[in-house]
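S.K.:
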Amino acid sequence: MGRGNSPLRVLKNRNFFVLWIGEIISHFGDRLAQMALVGLYLKETVTMSLSHSVPMMRNLFFFSTLPVVIFAPLAGVYVDRWRRKSTLMSCNFLRAGLVLIIPLLIIYGKGMAHIYAVIFLVFAVTSFFTPARSAIIPNLVEKGELLAANSLSNITRMAATIGGVSIGGLVVAFVGVRTSFYLNSLGFALAGLAISTIKMQEDPPSNSRSGLKEVGRELIQGLKFIGGERRIKFVAASLFILMGVSGLGYVIVTVFVTKALGLGTIGLSILAASVGAAVLCGSLLYSHFGGHLRRDRVILASIIMAGIGTIILAQSRTIFLLSIGVGVIGLVASPIMIASYTLTQEITPDRIRGRVFAALEVVISSAFLIFVWLAGVLGSRIPPSQVFYLIGITLLGYAGVVLLIKLSKKTV
54 MGRGNSPLRV
64 LKNRNFFVLW
74 IGEIISHFGD
84 RLAQMALVGL
94 YLKETVTMSL
104 SHSVPMMRNL
114 FFFSTLPVVI
124 FAPLAGVYVD
134 RWRRKSTLMS
144 CNFLRAGLVL
154 IIPLLIIYGK
164 GMAHIYAVIF
174 LVFAVTSFFT
184 PARSAIIPNL
194 VEKGELLAAN
204 SLSNITRMAA
214 TIGGVSIGGL
224 VVAFVGVRTS
234 FYLNSLGFAL
244 AGLAISTIKM
254 QEDPPSNSRS
264 GLKEVGRELI
274 QGLKFIGGER
284 RIKFVAASLF
294 ILMGVSGLGY
304 VIVTVFVTKA
314 LGLGTIGLSI
324 LAASVGAAVL
334 CGSLLYSHFG
344 GHLRRDRVIL
354 ASIIMAGIGT
364 IILAQSRTIF
374 LLSIGVGVIG
384 LVASPIMIAS
394 YTLTQEITPD
404 RIRGRVFAAL
414 EVVISSAFLI
424 FVWLAGVLGS
434 RIPPSQVFYL
444 IGITLLGYAG
454 VVLLIKLSKK
464 TV
């Protein structure tokens with residue numbers, strides 16, 4: 054085990070440590086809010102059948118993903134123009150205020166349509182936050198620390214998922230949904246305060262013209278870079294497939310556990326803890342042993358394992374077997390994300406990094422959005438097991454196509 058690749062060593066960097074603390078707080082609050090939304094879903098669909106309740110779950114995911122598709126391309130351009138620290142702070146404070154509106158809407162009984170609108174606005178702001186966070190990491194750490202930094206960020210997200218979802222499920226089940234939103238808002242505010250203590254020099258970009266023509270030109274620059282870089286095209290295609298089937302599977306699993314098995318938010322907490330623990334293990338293993346491995350091979354091998362894990366899901370009828378299936382997927386999903394983001398950070402010049410990461414967010418969110426909508430169609434027509442078989446075959450088929458392309462190039 055190489056100590057040089059230990060993710061904890063990067064915490065000696067004060068600025069990254071502060072960013073990491075902010076991530077812990079905001080991710081933990083996010084998961085609490087996620088469980089509160091599931092609680093709202095269960096409350097609104099208590100008299101509905103399984104097939105009729107799927108579209109509402111789809112809508113919750115749809116309105117949290119649509120703004121990323123709409124705003125992320127422009128967000129990437131502006132992230133490269135603005136000071137990234139200020140962008141992260143502003144986004145956290147804006148989200149803190151917006152999330153506070155949701156419990157007020159619940160109190161005054163304004164209905165799900167108004168809550169969908171607030172969710173849309175929260176994730177519109179997130180469209181600026183996400184590429185800024187990914188783009189600022191290479192400004193805070195050395196190039197040799199990127200794998201450790203990305204691994205630790207991934208570990209943080211999963212640890213917050215385990216804690217936030219597990220505790221959030223209990224809070225929703227025994228206290229109510231509003232508490233989760235109050236804590237989520239507080240988390241965003243505290244994360245903003247933490248990021249405000251980062252000490253870094255940021256030179257304003259040399260080109261700060263804001264006309265639509267100039268914004269469009271800068272956006273095209275980022276897209277051209279992706280189109281001309283073979284490895285980033287592979288990353289984009291792999292993330293599209295992975296997040297597409299994740300969106301499809303996430304809706305079906307959530308509805309199956311909460312409605313078909315009748316386990317509610319507590320059952321979802323058990324499942325989320327399983328996948329979170331698996332992702333945590335995957336992140337630790339990859340950060341310790343994966344530094345010398347080719348990033349593209351790690352991504353491809355992990356996709357094959359994810360396909361196998363999804364086929365296990367298709368045969369699951371109990372929470373125990375479901376936990377094993379999502380655990381396999383979680384174990385290999387983290388190396389995919391870590392390798393993808395590290396490879397992109399290593400290749401992409403600083404001046405266009407925000408645009409490139411924003412473009413990847415569009416790829417991820419578009420795939421998630423399309424397949425979440427598809428879940429609403431498939432989930433009301435075919436059994437969950439058949440959906441999982443379809444997902445597994447898709448992942449294995451994609452990996453097979455990539456391998457055939459690689460082999461054909463070697464034989465030419």
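Just so we're aligned, residue 54 is where the sequence shown starts under my numbering, counting upward by one. Every residue gets a Cβ at the ideal spot worked out from N, C-alpha and C, and that includes glycine. Source: prediction; values computed, not measured.
(1) Determine, using beta carbons only, whether residue 362 and residue 378 come nearer to each other than 7 Å.
(2) What is the residue span of the alpha helix (DSSP H) that residue 374 lies within?
(3) For the alpha helix (DSSP H) containing residue 349, name the first residue and the last one.
(4) Tell me which residues share the same chain as residue 259 and place their Cβ nearer than 8 Å to its Cβ, disregarding the 5 neighbours each side in the sequence.
(5) Can you list, in chain order, the residues of its chain whose CB lies under 8 Å from that of residue 207, leaving out five sequence neighbours each side?
(6) In angstroms with no decimal places, state the Cα-to-Cα distance between residue 453 and residue 297.
(7) Report the three-state DSSP secondary structure of residue 426 (helix, strand or coil).
(8) Applying the criterion that 16 or more other CB atoms from any shown protein chain within 10 Å of the CB defines a buried residue, is residue 309 buried or exposed?
(9) Kindly list the residues whose CB is nearer than 6 Å to the CB of residue 355, restricted to its own chain and excluding five residues on each side of it in sequence; keep chain order.
(10) My output table needs one value for residue 345: the three-state DSSP class, helix, strand or coil.
(11) What is the DSSP secondary structure of residue 259, counted as helix, strand or coil?
(12) When the distance is taken between beta carbons, is residue 117 closer than 7 Å to residue 410?
(13) Please report the distance separating the alpha-carbon of residue 328 from that of residue 128.
(14) Quick one: using the 10 Å Cβ neighbour count with 16 as the cut-off for buried, is residue 402 buried or exposed?
(15) Since I believe residue 213 is in contact with residue 80 (beta carbons under 8 Å), could you give me their beta-carbon distance rounded to a whole number of angstroms?
(16) Taking DSSP as the reference, what is the three-state secondary structure of residue 270?
(17) Assuming residue 232 is part of the alpha helix (DSSP H), what are its boundary residues?
(18) Tell me which residues share the same chain as residue 253 and place their Cβ nearer than 8 Å to its Cβ, disregarding the 5 neighbours each side in the sequence.
(19) Give every residue of the same chain whose Cβ lies closer than 8 Å to the Cβ of residue 395, excluding the five residues on either side of it in the sequence, and list them in chain order.
(20) DSSP three-state call for residue 96: helix, strand or coil?
(21) CA-CA distance, residue 412 and residue 427?
(22) When the Cβ atoms of the stretch 442 to 450 are set against those of the stretch 317 to 326, are three or more pairs found closer than 8 Å?
(23) Apart from the five residues just before and just after residue 125, which ones in its own chain have a Cβ nearer than 6 Å to its Cβ?
(24) Just to confirm the assignment, what range does the alpha helix (DSSP H) spanning residue 296 have?
(25) Rounded to the nearest angstrom, what separates residue 85 and residue 316 at their Cα positions?
(26) Quick check: what's the CA-CA separation for residue 376 versus residue 271?
(27) Quick check on residue 453: does DSSP put it in helix, strand or coil?
(28) Can you tell me which of 171, 156, 141, 292 puts its alpha carbon nearest to the alpha carbon of residue 185?
(29) Going by CA-CA distance only, name the one from 233, 407, 205, 82 that's closest to residue 73.
(30) Using the rule of at least 16 other Cβ atoms within 10 Å of the residue's Cβ for burial, across every protein chain shown, is residue 131 buried or exposed?
(31) If I follow the unbroken alpha helix (DSSP H) through residue 150, where does it start and stop?
(32) In three-state terms, what does DSSP make of residue 195?
(33) For residue 119, does the three-state DSSP call read helix, strand or coil?
M.R.: Result, derived from the coordinates:
(1) Yes, they are a contact pair.
(2) Under the DSSP assignment, residue 374 falls in the alpha helix (DSSP H) whose first and last residues are 372 to 400.
(3) Residues 348 to 367.
(4) Because residue 259 sits at a pLDDT of 49, beneath the cut-off of 50, its placement in the model cannot be relied upon, and the following sentence gives the value as read from the coordinates. Contacts found: none.
(5) Closer than 8 Å at Cβ, skipping near neighbours: 332, 336, 387, 390, 391.
(6) Annotation: residue 453 to residue 297 spans about 17 Å, alpha carbon to alpha carbon.
(7) Helix.
(8) By the 10 Å Cβ count, residue 309 comes out buried.
(9) By the criterion of a C-beta distance shorter than 6 Å, residue 355 is surrounded in its chain by 385, 388, 389, once the five residues flanking it on both sides are discounted.
(10) In this structure, residue 345 counts as coil in the three-state DSSP scheme.
(11) In this prediction, residue 259 scores a pLDDT of 49, lower than 50, which makes its location untrustworthy; no coordinate-derived value is stated.
(12) It is not a contact, given that the beta carbons lie outside the stated cut-off.
(13) Computed Cα separation, rounded: 31 Å.
(14) With a 10 Å radius around the Cβ and a threshold of 16 neighbouring Cβ atoms, residue 402 comes out exposed.
(15) Indeed they touch by this definition, with Cβ atoms about 3 Å apart.
(16) Helix at residue 270.
(17) Here the alpha helix (DSSP H) through residue 232 covers 231 to 248.
(18) So the list reads 68, 138, 192, 193, once near-sequence residues are dropped.
(19) Counting only Cβ-Cβ distances below 8 Å, and skipping sequence neighbours, we find 199, 200, 203, 348.
(20) Of the three classes helix, strand and coil, the one that applies to residue 96 here is helix, per DSSP.
(21) Looking at the two C-alpha atoms, the distance is approximately 22 Å.
(22) Per the Cβ contact rule, the stretch 442 to 450 is not in contact with the stretch 317 to 326 (fewer than 3 Cβ pairs under 8 Å).
(23) The residues are 180, 411, 414, 415.
(24) Element bounds for residue 296: 283 to 308.
(25) Pairing residue 85 with residue 316, the inter-Cα distance amounts to about 18 Å.
(26) Cα to Cα, the separation comes out at about 44 Å.
(27) Of the three classes helix, strand and coil, the one that applies to residue 453 here is helix, per DSSP.
(28) Of 171, 156, 141, 292, the residue nearest in Cα terms is 141.
(29) Closest by alpha carbon: 205.
(30) Taking all protein chains shown into account, residue 131 has 16 or more neighbouring C-beta atoms within 10 Å of its C-beta and is therefore buried.
(31) Per DSSP, the unbroken alpha helix (DSSP H) holding residue 150 starts and ends at 137 to 160.
(32) Under the three-state reduction of DSSP, residue 195 is assigned to coil, being neither helix nor strand.
(33) Looking at residue 119 - three-state DSSP - the assignment turns out to be helix.
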